[in-house]
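Chains as they are written, first to last, in numbering that gives the first Met the number 0: chain A, 0 to 227; chain B, 0 to 247; chain C, 0 to 297. The C-beta atom is built at its ideal place from N, Cα and C for all residues, glycine as well. Note that the structure is predicted; figures quoted are calculated from it, not measured. Input: a single structure, listed below in structure tokens.
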Amino acid sequence: MYEPVQQGKILSGIWMTIKLSFFCLILSVVIGIVGAFAQGSKIRILRSFVQGYIQFFRNTPPYVQLLFFYFALGQFTPTYSPDGWLELPIISNVGWAIISLSFFAGAFNVEIFRAGIEAVADSTKEAAESLGFSRFQTFRYVIFPLAIRVCLPSLNNNLINLVKTTTQAFGIAVPELLYQSVTIWNDYPSAQYPTMLLVFVVYILLVGVLVLSMNTWEKNLRIPGYGQ
Amino acid sequence: MLKKNAETIVSIKDVHKSFGQLEVLKGVSLDVKKGEVICVIGPSGSGKSTLIRCINGLNDIQGGQINVCGIDLTDPKLDKLELRKRVGMVFQQYNLFPHKTALENIIMAPTLVLKQDKAASEKRAFELMQKVRLEGKEHAYPGELSGGQQQRVAIARSLAMNPDVMLFDEVTAALDPETVKEVLVTIKDLAQEGMTCILVTHEMGFAREVADHIYFTDNGVIVEHGSPKTFFNKAKDPRTKEFLSQIL
Amino acid sequence: MASKRPSTIPGINRHGNTDLPVLKPFAPSQPIAFHTSAWLANMPAWTGFVLLLPLMLWPFASHAAGSFTMTDAFSALIRWMPFLLKSGFLFNVIISLFAMLIGTFLGIILGLGQISKNRFIKRISWFFTQLFRNSPWLVLLFIVLLAFPFEVTIFGVIIPIPDWMKAVIGLSLPIMANISEIVRGAVLSVPTAQWEAAESLAFSRQQILWRIILPQCFKRMIPPWMNWYAILTMATPLCSLLGVEEIITLSRQAMEAENNHPELLVPFYSFALGLFFFYCYPIARVTMYLERRYSVKI
Numbered sequence: 000m001y002e003p004v005q006q007g008k009i010l011s012g013i014w015m016t017i018k019l020s021f022f023c024l025i026l027s028v029v030i031g032i033v034g035a036f037a038q039g040s041k042i043r044i045l046r047s048f049v050q051g052y053i054q055f056f057r058n059t060p061p062y063v064q065l066l067f068f069y070f071a072l073g074q075f076t077p078t079y080s081p082d083g084w085l086e087l088p089i090i091s092n093v094g095w096a097i098i099s100l101s102f103f104a105g106a107f108n109v110e111i112f113r114a115g116i117e118a119v120a121d122s123t124k125e126a127a128e129s130l131g132f133s134r135f136q137t138f139r140y141v142i143f144p145l146a147i148r149v150c151l152p153s154l155n156n157n158l159i160n161l162v163k164t165t166t167q168a169f170g171i172a173v174p175e176l177l178y179q180s181v182t183i184w185n186d187y188p189s190a191q192y193p194t195m196l197l198v199f200v201v202y203i204l205l206v207g208v209l210v211l212s213m214n215t216w217e218k219n220l221r222i223p224g225y226g227q
Numbered sequence: 000m001l002k003k004n005a006e007t008i009v010s011i012k013d014v015h016k017s018f019g020q021l022e023v024l025k026g027v028s029l030d031v032k033k034g035e036v037i038c039v040i041g042p043s044g045s046g047k048s049t050l051i052r053c054i055n056g057l058n059d060i061q062g063g064q065i066n067v068c069g070i071d072l073t074d075p076k077l078d079k080l081e082l083r084k085r086v087g088m089v090f091q092q093y094n095l096f097p098h099k100t101a102l103e104n105i106i107m108a109p110t111l112v113l114k115q116d117k118a119a120s121e122k123r124a125f126e127l128m129q130k131v132r133l134e135g136k137e138h139a140y141p142g143e144l145s146g147g148q149q150q151r152v153a154i155a156r157s158l159a160m161n162p163d164v165m166l167f168d169e170v171t172a173a174l175d176p177e178t179v180k181e182v183l184v185t186i187k188d189l190a191q192e193g194m195t196c197i198l199v200t201h202e203m204g205f206a207r208e209v210a211d212h213i214y215f216t217d218n219g220v221i222v223e224h225g226s227p228k229t230f231f232n233k234a235k236d237p238r239t240k241e242f243l244s245q246i247l
Numbered sequence: 000m001a002s003k004r005p006s007t008i009p010g011i012n013r014h015g016n017t018d019l020p021v022l023k024p025f026a027p028s029q030p031i032a033f034h035t036s037a038w039l040a041n042m043p044a045w046t047g048f049v050l051l052l053p054l055m056l057w058p059f060a061s062h063a064a065g066s067f068t069m070t071d072a073f074s075a076l077i078r079w080m081p082f083l084l085k086s087g088f089l090f091n092v093i094i095s096l097f098a099m100l101i102g103t104f105l106g107i108i109l110g111l112g113q114i115s116k117n118r119f120i121k122r123i124s125w126f127f128t129q130l131f132r133n134s135p136w137l138v139l140l141f142i143v144l145l146a147f148p149f150e151v152t153i154f155g156v157i158i159p160i161p162d163w164m165k166a167v168i169g170l171s172l173p174i175m176a177n178i179s180e181i182v183r184g185a186v187l188s189v190p191t192a193q194w195e196a197a198e199s200l201a202f203s204r205q206q207i208l209w210r211i212i213l214p215q216c217f218k219r220m221i222p223p224w225m226n227w228y229a230i231l232t233m234a235t236p237l238c239s240l241l242g243v244e245e246i247i248t249l250s251r252q253a254m255e256a257e258n259n260h261p262e263l264l265v266p267f268y269s270f271a272l273g274l275f276f277f278y279c280y281p282i283a284r285v286t287m288y289l290e291r292r293y294s295v296k297i
């Protein structure tokens with residue numbers, strides 16, 4: 000069905016999509032945890048800063064954020080010259096895509112984690128406290144394991160959304176699956192429909208794998224008699 | 000049971016505590032000797048729970064003095080961890096960690112806080128489960144246990160820290176009438192072994208049976224106190240009389 | 000990978016959209032520093048006041064603007080602002096309204112299909128809901144763009160389908176799927192006792208659904224519905240990839256017309272971000288307010 004060139008493009012596209020999704024997933028979860036921790040801080044400025052970050056990233060289009068990060072902020076990043084001729088920025092378009100998408104998904108993750116932490120009953124925290132747990136121990140061994148169980152369903156949704164949003168990296172020419180497919184169907188109009196179908200199937204599969212693994216994780220974390 | 004010459008282990012002097020505008024404790028004083036069992040009773044909202052929460056530092060106090068096992072709670076450099084190793088607390092809502100089994104709930108604090116050897120604390124946990132009469136339930140999750148069983152695990156969890164004083168905050172209030180008894184039996188066992196216990200309770204019969212001393216609080220002050228016998232039969236204060244007539 | 004910064008974006012400029020501006024690489028032949036010094040030298044005294052303007056538009060622009068004075072860029076932005084607002088952002092709003100209208104209409108049908116007694120309808124509705132809910136918006140947009148003809152002939156009348164209509168259709172598909180889920184979820188959230196009570200009063204299934212169940216869940220559907228409208232609005236800039244003349248496309252054209260100075264990028268994109276923020280933020284607040292209000296009543 001496909002020529003080797005096309006096959007190579009599709010495969011490299013899939014691989015880039017997976018890489019993009021993977022790094023964004025990790026980074027956005029880290030941002031979410033750090034942000035949720037900062038929101039519980041006693042410093043007011045820090046709290047309102049996190050709040051501003053969340054509201055900004057939630058209420059502006061991820062695509063425009065991407066363009067802004069890459070084109071507008073990209074011009075301030077220092078460049079380096081590997082061969083003395085080319086001027087390459089330190090952060091590539093893939094790098095900006097990862098940064099921008101992670102911040103976008105991270106804004107949602109902060110809210111999700113905060114809701115999870117708030118869902119842990121005060122009395123359970125008090126029990127840990129009265130057993131002599133330090134603040135960190137209480138968080139590490141009691142609050143976090145419980146909060147993560149509360150968060151998982153919404154985290155699941157957000158991460159699926161993130162994988163879908165990686166397609167928008169197309170806008171800054173990151174050679175992910177959609178980008179590669181579009182180049183194929185421009186070069187070989189006859190391959191349009193099969194490629195389209197393939198893209199569809201691959202994304203559904205990727206999302207499916209993520210859903211499945213998150214659901215398995217959710218099941219493994221289930222505690223008898225806790226929640227539903 | 001009363002230990003006449005035992006040392007005072009908890010001493011509370013003229014304690015004031017308010018939440019914002021609301022003053023909950025208006026100068027409360029009481030002393031607890033080692034091995035004594037104290038019951039604090041009174042209508043709801045009279046500040047009894049707040050009082051025992053102050054004893055292990057869950058609530059700060061605004062005035063007065065609390066001294067527990069030689070630790071001054073008003074000291075600004077108070078080592079809360081040291082205090083909590085000495086004072087065990089059991090709550091109304093059990094507050095077990097739902098993601099840990101009964102055994103894990105018990106060994107968590109000894110291994111994490113006291114840095115004890117895991118095998119040793121596990122061995123001790125099995126003993127404690129036996130003590131609260133729950134052998135065989137070690138690997139059950141809290142969600143799989145009844146309220147009374149959960150409460151007994153919670154008692155075992157506090158005992159695992161080898162505290163000098165145990166605080167019980169209305170531990171039977173959330174339980175079914177049938178399971179109340181099993182928890183009370185556990186506490187009675189403890190009392191007979193000589194553990195110093197401070198209980199907030201609505202179980203008058205139980206208070207009468209196990210307590211060495213009963214304190215009646217109302218409106219943030221201690222209205223009357225005495226031995227169970229004098230308290231229940233020869234109450235002097237009209238408020239005590241009214242309360243007792245309603246509850247008995 | 001680092002060298003992938005093509006001057007053309009395939010799939011757009013080769014697709015007949017010849018008038019679409021394509022952003023030239025902004026790494027100029029002269030180093031940026033040269034521009035900077037020239038700009039700094041020419042800076043008039045009132046720069047500071049002009050800088051206050053972007054500060055109001057977007058607080059984060061401040062640290063970018065702090066080291067990089069871009070007076071001319073901002074005055075260019077002010078010149079273009081009415082145009083971007085009227086021909087650009089307004090069009091985004093129009094696209095979002097149309098897509099929402101179509102998506103809601105189809106979504107309600109699909110959602111009711113999902114709770115149908117007929118197994119076949121149920122399966123089909125479920126399949127389409129999941130398909131469009133789980134595929135990326137941009138992929139759907141591209142597929143609609145390529146799969147739909149330029150024009151359709153109905154009864155001998157040739158109706159052209161402009162690109163923006165395709166964009167509306169492409170965006171309404173995921174909205175449809177998500178509205179379908181909202182409808183299904185809302186109907187299922189009504190306690191079964193309500194169904195049983197109505198059935199015992201000899202209502203038909205149709206009557207129960209339309210007279211008893213749907214009126215009850217209508218309120219509950221409003222907050223998530225508004226939430227999806229906000230998400231949809233934020234997806235409209237994707238249309239620029241299809242060559243639809245909306246705010247991002249026009250911003251690029253405007254920057255092109257201003258000779259593509261790299262300094263234009265921050266103000267122009269900040270402006271676009273700011274517009275979306277000020278449009279979507281109130282919607283988000285109202286959604287949250289309604290959510291809280293209705294959740295108490297359940």
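Where residue i sits in the DSSP three-state scheme
i       : result
F82(C)  : helix
E35(B)  : coil
E290(C) : helix
Y214(B) : strand
D162(C) : helix
S28(B)  : strand
M165(B) : strand
L144(B) : coil
V170(B) : coil
E134(B) : coil
E121(B) : helix
L200(C) : coil
E241(B) : helix
Burial state of residue i (16 or more Cβ within 10 Å)
i       : result
W224(C) : buried
M194(B) : buried
G7(A)   : exposed
E195(C) : exposed
H98(B)  : buried
M287(C) : exposed
S299(C) : Any question about residue 299(C) goes unanswered here, given that chain C covers just 0 to 297.
K165(C) : buried
R57(A)  : buried
K85(C)  : exposed
N91(C)  : buried
V29(A)  : exposed
A35(A)  : buried
E192(B) : exposed
Boundaries of the beta strand (DSSP E) in which residue i is found, first to last residue
i       : result
S17(B)  : 7 to 18
P186(A) : It is worth fixing the name first, because residue 186(A) is Asp in this sequence and not Pro. It is not in any beta strand (DSSP E) - D186(A) instead sits in the alpha helix (DSSP H) that spans 176 to 186.
Cβ separation of residue i and residue j, assumed to be a contact under 8 Å, to the nearest whole Å
i       : j       : result
D163(B) : I37(B)  : Not quite, the Cβ-Cβ distance comes to about 14 Å (not below 8 Å), so this is no contact.
A127(A) : V141(A) : 5 Å
T216(B) : V9(B)   : About 16 Å separates the two Cβ atoms, so there is no contact after all.
T49(B)  : K16(B)  : 6 Å
I348(C) : L66(A)  : Because chain C is modelled from 0 through 297, residue 348(C) falls outside the range shown and cannot be assessed.
Residue i beta carbon near the ligand ZN (any heavy atom closer than 7 Å)
i       : result
S133(A) : Ligands displayed in this structure: none; no statement on the ligand ZN is therefore possible.
Limits of the alpha helix (DSSP H) - the one that residue i falls within
i       : result
A172(A) : Neither: A172(A) is in no alpha helix (DSSP H) and is coded neither H nor E.
Y228(C) : 213 to 234
W221(A) : For clarity, residue 221(A) is Arg in the given sequence; the question names Trp instead. Here R221(A) belongs to no alpha helix (DSSP H), and DSSP marks it neither H nor E.
V63(A)  : 61 to 66
G110(C) : 89 to 113
Original post:
Which whole runs of the alpha helix (DSSP H) in the region 88 to 154 of chain A are 4 residues long or more, in chain order?
Top reply: The qualifying runs are 92 to 118, 121 to 129.
**OP:** Within the region 37 to 106 of chain B, note down every full alpha helix (DSSP H) run reaching 4 residues or more, in order along the chain.
**Re:** Here the runs fully enclosed are 47 to 54, 79 to 85.
Original post:
Of all the beta strand (DSSP E) runs that stay within the bounds of the region 174 to 237 of chain B, which reach a length of 3 or more residues?
Top reply: Runs of the beta strand (DSSP E) lying entirely within the region 174 to 237 of chain B and spanning at least 3 residues, in chain order: 195 to 199, 212 to 217, 220 to 225.
Original post:
Which parts of the region 121 to 194 of chain C are runs of the alpha helix (DSSP H), unbroken and 4 residues or longer, counting only runs that do not cross its ends?
Top reply: As far as the region 121 to 194 of chain C is concerned, its whole alpha helix (DSSP H) runs of at least 4 residues are 136 to 146, 162 to 188.
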